[in-house]
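As structure tokens, the structure follows; a few thoughts come after it.
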Amino acid sequence: MKVLAIAFCFFLFFIVTNTKFSVCIGFCRENEQQAMESLKKEVYDPLESLSSWIVGKDCCEWRGVVCHNLTHHVIELHIDSRAWYDSDFNKRYDLRINNLEWLPSLSNLENLEIDIVDLSNVTNWLQVINMLPSLVDLRLSQCGLHHIPPLLHHNFSSLETLDLSGNNFSSSIPKWVFNLPSLVSLDLSDSNFIGPFPESPVNLTSLTTFSAGSNLFNCLLPRWLFDLNNLEYLKLYYSGIEGAMPSEARNITKLRNLDLSSNNLNSTIPNWIYRCKDLESLDLSENKIEGVVSNAISNLSSITSIDLSTNMLSGKLPNVIGKLSKLVFLDLSNNQFEGEVFELFNNRNNFLPAGLKNSSSLMKLRLENNQLTGTLPESLSQLAMLERFYISNNRLEGVVTENHFTNLTQLRQFIASNNNLTLKVRREWIPPFQASDIDLGGWNIGPLFPMWLQTQKHISSVDISNGGIQGEVPTWFWNLPSPIMFLDLSDNQFVGEVPTLSTPYWLKLSGNNFSGPLPQVSPAVHFLDLSNNSFSGGLSHFLCETNKNGSYRLMLLNLEGNDLSGEIPDCWMNWPELKVLILKENNLIGGIPKSMEILSNLISLDFRRNRLTGPLPSSLANSTWLQKIDLAENEFFGQLPPWLGMRLSDLVILSLSSNRFYGELPPEICHLKDLQILDLANNSFFGTIPRCISNLTAMVTENKLRKADIEYSSFGSTEIVRESAMVTTKGNNYQYDKTLALVTSMDMSNNNLSGDIPISFTSLVGLRFCNFSKNHLTGRIPNGIGDMKVLESLDLSENQLSGQIPQSLSSLSTLSFLNLSYNNLSGKIPVSTQLQSFNSSTFQGNELCGLPLLANCNSDGQIPDVDIEKDEWDKDELDWFYIAMSIGFGLSFWGVCSCLLFKRSWRHAYYRFLVSCWESLCVK
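Okay, here's the thing in structure tokens:
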């Protein structure tokens, strides 16, 4: 019986301490029950989220209410007042408090420790919080708050968790936030805090987690932050943190997660990081950190994640994989590491320790965009847990065999393009992995098609571009069971026709010898590049096959460099999503169809080098996002319409050269403030150069802060498409892509422009290439031309410019091409190392003197008078020669005639001589 009694007591104790259901054990406290019932009456709850709050039922069973297991006091209350939407996402519902009459009764919840989770729609939420003296956990995340009242901290001596993330404060962080001694977790991320952190002293002795990423602090890391000896998680990503990391931080030894990514840190990695023995994740990516990663990082035995990508780290790779057996994620990409990648995988004895074989925990390894050399080590195969491996854009070379993949059964992504590697496997090889992404662009794979791709049942992305592969693409590859979303077969030697393509979202077949008609594609395709092949026929079959299920989603279409012919069909209403359209270097005829007005999203249009004709259609005026128009080398005619400058204000590239355009240049062209390349050469434009030319502000900025290329990336993938432009300069044609954003060019050559070069032209101090040759320009070369400090090429030849060459021209140290020939320039050529280095043909056809011409100048900078006297003497001598010759001829002629006239015997002898000559001619 005693045993049964004891067992019963234990059972009763278990019920009392672990349940809250029995009447005899007790409901939640009566005063607390009444407070909760009063609260429910004031909550607007159209979706009945508080439907479980039934009056008369134990409030400890209500949703969002947590009671103590023994005392049944309410200790946690979660009221979620965020917005809800109905199934149609049209009507908004709010769970909100209607008034504050319930606040006095709420004070009866004397044991409440954790309270309101989200108060975004609670009126006067400050009063709510101040009624809760024992508040431990306060979460105001994503509440749309704009300020933090200064009284908020009055009763927060016990606060352990404070979450103010996801708001829009637009102010500095209040000092009181950093003086909560019980605070364990502080989250200020993504709340638009600005300005520096407060100065010390601070009182955060209990803090273990501090997250303040995605703000605008724009300051140095505060020194007190590294004196928090209990800090374990520190996240300040993308917050404008700048300057150097502290060289010493002796107290911050418990760090487990450090994320300072996407800032402006410019120091080396301090040694104190290597002393954080418990560090599991390190992310310093996308900064300007320099130097070498110390091998001391190998001693961080607990680390599972390292991300140091996109810095300026250099030197040899740290020897970490061979030592950090628990490492899960390592990212050293986008740095300047050099040396052999072999060293990363091996320890001092150049082999993986036996304990690591087939057991390494590394799952993700990123080394792309460095300067790594050597071969890919076979020890890679020992990383049996490896799922993602990125090593593209390095300098690796050598042969990769089946041995490199022996144990990589978990491999899902193998991204290794742009290395000088050769894949040498058996024709019947079956890889041990089932990958989703295979990127071997630039590898030597051919000449046979890689049959092992047929074994990959889950493949979605394949890049075997520039692989030396020949012949036809196997039929099975176009019909793999797993649909390929991204496919790049470019720059090989493939032949044959391409079948109807139904799966790839991103397809690049350029630079091969595919032939036949253009293939039909799925409406789901986003990116299609069939350029530089031998496709033939018209465009109607490809463009005008209507889609019964709706319009096509194609964003980029590149058909450059094929044998396409006929007119451009008038069915662009099927392709409303197009952003980039390239049809250049084909044999297309006719005009631009009216239906292209539907292409309102177009940002790049390139029809260069066809046989298209007609005026510029007004339909292009609807494509207001256009950044590039290239219609050069066609047969377009007419005047430039004013809407070109008024509607297409985002134009960066406008190339209309080698057509039959005429008329005056419209002043509206000066509205193109982003214009970098203007090519109107080889047309019939007349009139003057617009005086408003200085409004082309993209050519006024000398030092551009934007990146050096123009890219598009919104084509259904992370792939980058780089814009290009053809520029004629220095007498040659150049295609720019990687440095396109740095190119500024103005070419109006071979037209009928007249008048002077406007003085405002010299304000284009960012202009690099200028060609006004073969026009009828008059006047002087503007004196301010020396202000154009980045000018590399200047061609003003074959005009009617007069006066002297401005002295300021000699100060252009960047000038590498100059042609001033065949004008009416005079005087001395300015002396400078730059100008005298040009060939004499640069200045011929003028009245110039001085080097590099042979004509010397006098003290006045003119051709000397002695030369003029010599010319005059030569001219007089020539005149006397003709006078003397005339006098001699006259005297001889009249002397003979006088003798015949006055001496009969001579006259008769002369007549007999003439008769004898005539008879001799008749007899013969």
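Taking mature numbering (1 follows the signal peptide of the UniProt record, and there is no 0), I'd label the letters of the sequence shown as residues -19 to -1, 1 to 905.
Virtual Cβ for every residue (Gly too), placed ideally from N, Cα, C.
Identify every residue that forms a DSSP beta bridge with Ala706. According to DSSP, which records beta bridges pairwise, Ala706 is partnered with Tyr717.
Quick check on DSSP: helix, strand or coil for Leu(-8)? In this predicted model, Leu(-8) has a pLDDT of only 35, less than 50, meaning its place in the structure is not dependable; the value taken from the coordinates is given anyway. Of the three classes helix, strand and coil, the one that applies to Leu(-8) here is helix, per DSSP.
When we look at the beta-carbon of Lys38 and count the other beta-carbons within 10 Å, is it buried (16 or more) or exposed? The residue in question, Lys38, is exposed, as its Cβ has fewer than 16 Cβ neighbours within 10 Å.
Just the C-alpha distance for Gln657 and Leu482, rounded to the nearest angstrom, thanks. Each residue's alpha carbon lies about 38 Å from the other.
Could you have a look at Met577 and say whether DSSP puts it in helix, strand or coil? Secondary structure at Met577: helix, using DSSP grouped into helix, strand and coil.
Boundaries of the beta strand (DSSP E) in which Met769 is found, first to last residue: Premise fails: Met769 is in no beta strand (DSSP E) and is neither H nor E.
Check this for me: beta carbons of Ser248 and Ala230, under 8 Å apart or not? Not closer than 8 Å, so no.
Within 8 Å, strictly: CB atoms of Leu621 and Leu583: In this structure, Leu621 sits away from Leu583, with a CB-CB distance that is not shorter than 8 Å.
Does DSSP put Glu271 in a helix, a strand or coil? Looking at Glu271 - three-state DSSP - the assignment turns out to be strand.
Considering only residues of the same chain and omitting the five flanking positions on each side of Ile419, which have a CB-CB separation below 6 Å? For Ile419, same chain residues with a beta-carbon under 6 Å away, outside a window of 5 residues either side, are Phe395 and Val443 in chain order.
For residue 907, which residues of its own chain have a beta-carbon under 7 Å away from its beta-carbon, when the five flanking residues on both sides are left out? Past the boundaries of the shown model lies residue 907; the chain is included only from -19 to 905, so the question cannot be answered.
Considering only C-alpha positions, which residue in the set Asn663, Gly765, Leu659 and Lys575 is nearest to Asn615? For the set Asn663, Gly765, Leu659 and Lys575, the Cα lying nearest the Cα of Asn615 is the one of Asn663.
Ser146 and Leu169 look like a contact to me (Cβ under 8 Å); what is the Cβ gap, rounded to whole Å? Taking a contact as a CB-CB distance under 8 Å, the pair Ser146 and Leu169 counts as one, their CB atoms being some 6 Å apart.
Taking Val771 as the reference, which of Gly747, Ser783, Ser789 and Gly765 has the closest Cα? Just measuring C-alpha positions, the residue of Gly747, Ser783, Ser789 and Gly765 sitting nearest Val771 is Gly747.
Leaving out five residues before and five after Ser373 in sequence, what residues of the same chain have Cβ atoms less than 6 Å from its Cβ? Excluding residues within five positions, the ones whose Cβ falls inside 6 Å are Glu349, Ile396, Ala397, Ser398 and Asn399.
Outcome for Arg592 when other beta-carbon atoms lying within 10 angstroms are tallied against a minimum of 16: For Arg592, the number of other beta carbons within 10 angstroms of its own is below 16, and it is reported as exposed.
Buried or exposed for His522, going by 16 or more other Cβ atoms inside 10 Å? It counts as exposed.
Could you compute how far the alpha carbon of Val633 sits from the alpha carbon of Leu653? Distance between the alpha carbons of Val633 and Leu653 is about 8 Å.
Helix, strand or coil for Trp253? Go by DSSP, reduced to three states. Of the three classes helix, strand and coil, the one that applies to Trp253 here is helix, per DSSP.
Can you give, in chain order, each stretch of the beta strand (DSSP E) that sits fully within the segment 538 to 611 and has at least 3 residues? Within the segment 538 to 611, the complete beta strand (DSSP E) runs of at least 3 residues are 544 to 548, 561 to 563, 568 to 571, 585 to 587, 592 to 595 and 609 to 611.
For Asn555 and Ser532, which I take to be in contact (beta-carbon distance under 8 Å), what is that distance rounded to the nearest angstrom? Asn555 to Ser532, Cβ: 6 Å. Contact.
Are the beta-carbon atoms of Asp312 and Ile284 separated by less than 8 Å? Result no, Cβ atoms of Asp312 and Ile284 do not sit closer than 8 Å.
Of the residues Leu625, Leu799, Leu832 and Leu782, which one's Cα is nearest the Cα of Val812? Of Leu625, Leu799, Leu832 and Leu782, the residue nearest in Cα terms is Leu832.
Buried or exposed, going by whether 16 or more other CB atoms sit within 10 Å of the CB of residue 917? The first residue shown for the chain is -19 and the last is 905, placing residue 917 beyond what the model contains.
Starting from the C-beta of Phe370, find all residues in its chain whose C-beta is less than 6 Å away, skip the five residues before and the five after it, and write them out in chain order. Only Leu346 and Phe395 meet the Cβ criterion.
Please classify Ile549 as buried or exposed, where buried requires at least 16 neighbouring CB atoms within 10 angstroms. Ile549 is buried by the Cβ-count criterion.
Looking only at C-alpha atoms, which of Glu29, Gln14 and Ser33 sits nearest to His54? Comparing Cα-Cα distances from His54 to each of Glu29, Gln14 and Ser33, the minimum goes to Gln14.
Restricting to runs no shorter than 4 residues, where is the alpha helix (DSSP H) found entirely within the segment 442 to 487? Annotation: the segment 442 to 487 contains the following complete segments of the alpha helix (DSSP H) (minimum length 4 residues), in chain order: 456 to 459.
Taking its Cβ as the centre, do 16 or more other Cβ atoms sit within 10 Å of Gly423, making it buried, or is it exposed? By the Cβ neighbour-count rule, Gly423 is buried, with 16 or more other Cβ atoms within 10 Å of its own.
Determine the burial state of Gly774: buried for a count of at least 16 other Cβ atoms within 10 Å of its Cβ, exposed for fewer. For clarity, residue 774 is Ser in the given sequence; the question names Gly instead. Burial call: buried.
For Phe750, which of Gly427, Tyr715, Leu782 and Asn780 has the nearest alpha-carbon? Of the candidates Gly427, Tyr715, Leu782 and Asn780, the residue whose Cα lies closest to the Cα of Phe750 is Tyr715.
Inter-residue Cα distance where the pair is residue 932 and Met577: Residue numbering for the chain in the displayed model covers -19 to 905; residue 932 lies beyond these limits and cannot be assessed.
Could you tell me which residues DSSP pairs with Glu616 in its beta bridges? Secondary-structure assignment with DSSP links Glu616 through a beta bridge to Thr594.
Check each candidate in Asp544, Asn603, Pro739 and Glu267 and name the one with the smallest Cα separation from Ser675. Checking every option, the nearest Cα to that of Ser675 belongs to Pro739.
On a Cα-Cα basis, can you pick out the residue from Leu607, Leu143, Ser726 and Pro413 that is closest to Met680? Nearest C-alpha to Met680: Ser726.
Measure the C-alpha to C-alpha separation of Ile465 and Tyr219 and round it to an integer number of angstroms. Straight-line Cα distance between these residues: approximately 35 Å.
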